[in-house]
Amino acid sequence: MRRYILGAAILISMVSSVIASERDCAENCHEPQRYGLSAEVIEAYDMPDFEQLTVNTDLLNDRWYMRVDGAIDIYDAPNGNIVRSIDAGFNFVTALAQDGEWTQIGTNEWVRSEHLTTSNQILSHFTGIFLNGEYPEYPVAWMLVNAYPSSEPGGEPDESKPLVYRYTLVNIFSTVNVDGWQWYQIGANDWVIQTNVAKVLPVERPEEIETDKWVSIDLYEQVLIAFEGDTPVFATLISSGLPRWPTYEGIFNIYFRQTRRNMSWGTPGDDFYYIEEVPWTMFFDEGRALHGAYWHDGLGYRRSHGCVNMSITDAHWLYNWVADDMETLVSRDVEPEGPGVYVYSSGTYR
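The numbering used here runs 168 ahead of the 1-based position in the sequence shown.
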């Protein structure tokens, strides 16, 4: 009989202990983190204070950029004589003045205003960041789309979470592969698929780069980094060539630069374009150049005919940054001596 009483006492004690433990856990325990870093670790992380390049509104507003609709004739005066024509294509001009139904686009050059549509509203206000000479502990990336994060890798977007806007700078705290796609942790329980971001990845200086100043261009991430020696100083988004007109990988040098340059190429009726006053151009691979783009705000995606597009503010900064090494490079015929350009791909498009 004493044995049964003792057993009952032990059982009651065990049940009481379990109840007490469950009560303590309910008060003090947290659900274990299924993926990635915990909220405590993320909240404790002191993200470097990256300075963002200030948008140069004076540069954005110093021209009246116009899209040309269809083929146009250009006259020496309103209702004057035709002096030249522009074939139909992807065409832009800069307007100087208006006179009724006519717009002046150059000295003694006028077109009918009905053929023009203003494009200043699509000017990109995006700018890159100064890296303070080092890469952060957790990589930084820009969101490429407005997106609701998922609660776990591979999950559906959770619209109860705050929307993360395009061009927002985020940290990547961990990575999980789901069905061949990388999912990035940007918050305690916030995940986005790799196609929604562009990462700033560390780059080693190629031996072939002999200049102190040089830039890397990652065609996969669509990210440019400017270096002084081995020190990263600035990073930003770019738009490189489309598959039909690729930006080629390799090591180059900036050999010629101009503040503004008209650019035209292609076959009328197919891939023809004529773009006036392309700003802050820096040629590095034959006719391919780094330059500002006023005709789109699609940075982070391939869009060009082989050149490397940047926002106007970013291109202006880079143009001035390379100036010390470009003072003698005033002709396209000189030997390439300017800052090095390393074009590569950190991944493969699919």
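By construction, the Cβ of each residue, glycine as well, lies at the ideal position given by its N, Cα and C atoms.
DSSP-derived helix/strand/coil call for residue i
i, result
"Pro411", "coil"
"Trp463", "coil"
"Asn300", "coil"
"Tyr487", "helix"
"Ala356", "coil"
"Val209", "helix"
"Asn493", "Rather than Asn, the amino acid found at residue 493 in this sequence is Asp. Helix."
"Asn364", "helix"
"Thr481", "helix"
"Asp453", "strand"
"Ile377", "coil"
"Ser514", "coil"
"Arg471", "coil"
"Gly418", "strand"
Option nearest residue i by Cα separation, candidates the options
i, options, result
"Tyr203", "Trp433, Phe341 and Glu277", "Phe341"
"Ser328", "Asp439, Pro317 and Val338", "Pro317"
"Ile377", "Gly418, Gln353 and Asn357", "Gly418"
"Val313", "Glu269, Pro374 and Arg334", "Arg334"
"Tyr269", "Tyr352, Ser281, Tyr510 and Pro307", "The residue you asked about is not Tyr; residue 269 is Glu in the sequence shown. That would be Ser281, whose Cα lies nearest to the Cα of Glu269."
"Glu372", "Ser319, Tyr303, Thr415 and Tyr442", "Tyr303"
"Ser287", "Ala461, Gln426 and Thr379", "Ala461"
"Ala256", "Thr516, Val511, Trp485 and Phe440", "Phe440"
"Leu205", "Phe452, Tyr352, Asn224 and Asp267", "Tyr352"
"Arg471", "Leu291, Val346, Pro414 and Ile250", "Pro414"
"Pro307", "Asp241, Val209 and Asn339", "Asn339"
"Asp453", "Val446, Asp347 and Tyr423", "Tyr423"
"Ala148", "Gly468, Met494, His473 and Leu486", "Here the chain comprises residues numbered 169 to 518, so residue 148 is not present and cannot be evaluated."
"Gly355", "Val365, Phe298 and Ser319", "Ser319"
"Met494", "His293, Leu331, Thr343 and Lys381", "Lys381"
"Val527", "Leu291, Thr435 and Ile210", "With the chain covering 169 to 518 only, the question about residue 527 has no answer from this structure."
"Ala483", "Asp267, Tyr243 and Leu392", "Leu392"
Integer Cβ distance of residue i from residue j, believed to fall under 8 Å
i, j, result
"Glu505", "Phe260", "Going by Cβ atoms, the distance from Glu505 to Phe260 rounds to 32 Å, so no, they are not a contact pair."
"Cys475", "His459", "6 Å"
"Thr295", "Gln220", "6 Å"
"His283", "Gly248", "In fact, because the Cβ distance is near 16 Å, the residues do not count as touching under 8 Å."
"Asp386", "Ser479", "About 17 Å; that fails the 8 Å criterion."
"Asn430", "Gly508", "At roughly 27 Å, the Cβ-Cβ gap does not stay under 8 Å, so Asn430 and Gly508 are not in contact."
"Ile297", "Ala403", "6 Å"
query = Quick one: any contact between the region 234-246 and the region 259-279, if contact means 3 or more CB pairs under 8 Å?
reply = With a cut-off of 8 Å, the region 259-279 and the region 234-246 count as touching, because enough Cβ pairs lie within range.
Okay, do the region 390-407 and the region 340-360 touch, 3+ Cβ pairs below 8 Å being the bar? no
(Q) List, from N- to C-terminal side, the alpha helix (DSSP H) runs of 4 residues or more that fit wholly inside the region 222-297. (A) 225-228
Worksheet item: Can you give, in chain order, each stretch of the beta strand (DSSP E) that sits fully within the region 313-354 and has at least 3 residues?
Response: 337-339 and 342-346
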